[in-house]
Amino acid sequence: MPDHAHLLIECDPHYGIHRLVKQIKGRSSHALCQKFPSLKSRLPTLWTNSYFVATVGGATVEVVKQYVENQRNV
43 MPDHAHLLIE CDPHYGIHRL VKQIKGRSSH ALCQKFPSLK SRLPTLWTNS YFVATVGGAT
103 VEVVKQYVEN QRNV
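FYI, in our numbering the residues of the sequence shown are 43 to 116.
Next up, the structure:
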């Protein structure tokens, strides 16, 4: 799926997933605008405030990794 990415992340619940997502989006936006300066003038922002988070319950990390890897074929 060329228009999005799957990330497998472990986050301290006291830190908050919303803070982590904001940090990832902020740093990646900064890096992309540094590498591709034309993005600054073409787009008002690279990312929306939206994101999707899912928990995996009792699934092992290996099962989740396999799921994420298999998304390339969907």
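C-beta atoms are modelled at their ideal positions from N, C-alpha and C, and glycine is treated no differently. Here the structure is a predicted model, which means the values were calculated and not measured.
By Cβ distance, which residues of its chain are closer than 8 Å to residue i, with the 5 residues on each side in sequence left out?
i, result
"Leu74", "Leu81, Leu88"
Alpha carbon to alpha carbon, how far is residue j from residue i? Give it in angstroms, no decimals.
i, j, result
"Lys107", "Ser83", "37 Å"
"Phe94", "Arg61", "13 Å"
"Gln76", "Val63", "20 Å"
"Phe78", "Pro86", "14 Å"
"Thr97", "Pro55", "12 Å"
Compute the beta-carbon to beta-carbon distance between residue i and residue j, rounded to the nearest angstrom, for a pair I have assumed lies under 8 Å.
i, j, result
"Val110", "Leu50", "6 Å"
Based on Cα-Cα distance, which residue from the options lies nearest to residue i?
i, options, result
"Val102", "Glu52, Gly68, Tyr57, His46", "According to the sequence as given, residue 102 is Thr; it is not Val. Among Glu52, Gly68, Tyr57, His46, the Cα nearest to that of Thr102 belongs to Glu52."
"Lys67", "Pro86, Tyr57, Ala96, Asn91", "Asn91"
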